[in-house]
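Here the structure comes first, spelled out in structure tokens, and everything after it is commentary.
Residue numbers (this note's numbering): 10 to 496.
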């Protein structure tokens, strides 16, 4: 069977097309005009709302599937949503429908016939997150995705230039079967490079004979809050994990001109803290939010998360009030964390991305001649329910095609992932200020985080969540990955 797969892969590689060579300047100008239209905002709002719901759903799936001894859930929604969206390029009908459903892209966008528009919008969102990287002192978010594929494994290489151009992802052929040790080391080095070589270990499953495709995603955020935490911390403070479980933690302290939201009906309160911008007069775009349930313990936080929706998050942020805040929360200035999303995604319904019917594949490889096959697009029309008719008519009247994705998409392709690695790093530096040198005239509202809490970082211009942390036990925040010398 392995020989058949290698032969098929070699034949398939002959179909690879550099679709970017067909790009026309006229198309780019048309897309620029599209960005100025109401329909661009319409599509972007659907995408970001779907991605927020995916974040909440994935958090719940992690709660159901994470190992018993794992207390915290930390991931980058922006990284995972862009990676999953990019996989729509390679997947078959079943997987395409599963991904669009869990990402909330299955209605309102006519994605079955206009997926290229969605790909390009998500690519532009990534550029928005990263646009300030060269500016010192402002928030920096960066994410990278690599798809490592066994040599000879059937793969629609025609879309490799597209995923590299739109998403900046790496697609690389490797040898899992023969040079497993060297391949493992190469993947580890790629992750270390993206994490700036500041981690002690790389969380990879050992390579086995069955490995064919491994995806690695790395997300990194570095930002100074407008009002930073004091470098001096408070030691040995009590944190109530549960009524019967108290732990001693190191607390950060901060006095900030921020915003506060309190909701007695839903039973939680949340604060907002802006990150610094290039100049004092520039309006912040990236904010950190910390939310606590009124109820204590793990159950209190879990019940709060179950009640959250994209609409509630938007409403809570919109109805915040300006307050002077005295914030005391567990130290989390430097975190590196890994939690594979594979089982959680399967729990959400994305099963076909990871499971494969080998008998069906063998039959297909023996009867299918890749040199004469034509790309197909057999996704049923009824999967695009509730599409806004005017939006569809508008798209039909425009020439927004740059890569011809929807005509070239191979919908009979099986894209079977064996391992999905997701590593995140968060750096929020403190400053050398003395806690004792405080202005005693200030009477801030005290926001003391001494029980399980939720923290997320959001790019408010696009309503995109860059970083998500559900914390039950702060003493497990770094996942034993981070190098203690990182500052």
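All C-beta atoms in this analysis are idealised placements derived from N, C-alpha and C, irrespective of residue type, glycine included. On a predicted model such as this, the values are computed, not experimentally measured, just so you know.
Which two residues bound the contiguous beta strand (DSSP E) that contains residue i?
i	result
residue 85	No beta strand (DSSP E) holds residue 85; DSSP gives it neither H nor E.
residue 277	277-283
residue 178	Looking at the DSSP string, residue 178 is not in any beta strand (DSSP E), and its letter there is neither H nor E.
residue 297	295-302
residue 464	462-468
residue 344	343-347
residue 334	330-339
residue 258	254-272
residue 156	149-159
residue 100	Neither: residue 100 is in no beta strand (DSSP E) and is coded neither H nor E.
residue 456	454-457
By the three-class DSSP mapping on this structure, what secondary structure does residue i have?
i	result
residue 426	coil
residue 479	strand
residue 237	coil
residue 204	coil
residue 247	strand
residue 223	strand
residue 387	In this predicted model, residue 387 has a pLDDT of only 45, less than 50, meaning its place in the structure is not dependable; the value taken from the coordinates is given anyway. Coil.
residue 184	coil
residue 486	coil
residue 79	coil
residue 471	coil
residue 362	coil
residue 440	strand
residue 412	coil
residue 105	helix
residue 230	strand
residue 287	coil
residue 433	strand
residue 189	helix
Assign residue i to one of two classes, buried (16 or more other C-beta atoms within 10 Å of its C-beta) or exposed (fewer than that).
i	result
residue 70	buried
residue 159	buried
residue 76	exposed
residue 107	buried
residue 323	exposed
residue 78	exposed
residue 402	exposed
residue 97	buried
residue 341	buried
residue 34	A caution first: residue 34 carries a pLDDT of 40, below 50, which makes its placement in the model unreliable, though a value can still be read off. By the neighbour-count rule (16 or more Cβ atoms within 10 Å), residue 34 is not buried but exposed.
residue 289	exposed
residue 93	buried
residue 244	exposed
residue 167	buried
residue 351	buried
residue 125	buried
residue 121	buried
residue 287	exposed
residue 193	buried
Assuming residue i and residue j are in contact, meaning their beta carbons sit under 8 angstroms apart, how far apart are those beta carbons, in whole angstroms?
i	j	result
residue 280	residue 299	5 angstroms
residue 118	residue 127	6 angstroms
residue 236	residue 263	6 angstroms
residue 3	residue 456	This structure leaves residue 3 out entirely; the chain is present only between 10 and 496.
residue 415	residue 123	7 angstroms
residue 248	residue 460	7 angstroms
residue 103	residue 63	Actually they are not in contact, since the Cβ atoms of residue 103 and residue 63 sit about 19 angstroms apart, beyond 8 angstroms.
Between which two residues does the alpha helix (DSSP H) harbouring residue i extend?
i	result
residue 314	306-316
residue 319	319-327
residue 68	47-74
residue 125	120-139
residue 404	398-406
residue 351	351-357
Should residue i be counted as a contact of the ligand FMN given a C-beta to heavy atom distance under 7 angstroms?
i	result
residue 197	Ligands in the displayed structure: none, and consequently the ligand FMN is not present.
Is there contact here, the region 40-56 with the region 109-122, by at least three beta-carbon pairs under 8 angstroms? yes
With a cut-off of 8 angstroms, do at least 3 Cβ pairs link the region 227-235 to the region 182-189? no
Can we say the region 306-324 touches the region 423-442, given the rule of at least three CB pairs closer than 8 angstroms? no
Report yes or no: do three or more beta-carbon pairs, one from the region 325-333 and one from the region 268-283, lie closer than 8 angstroms? yes
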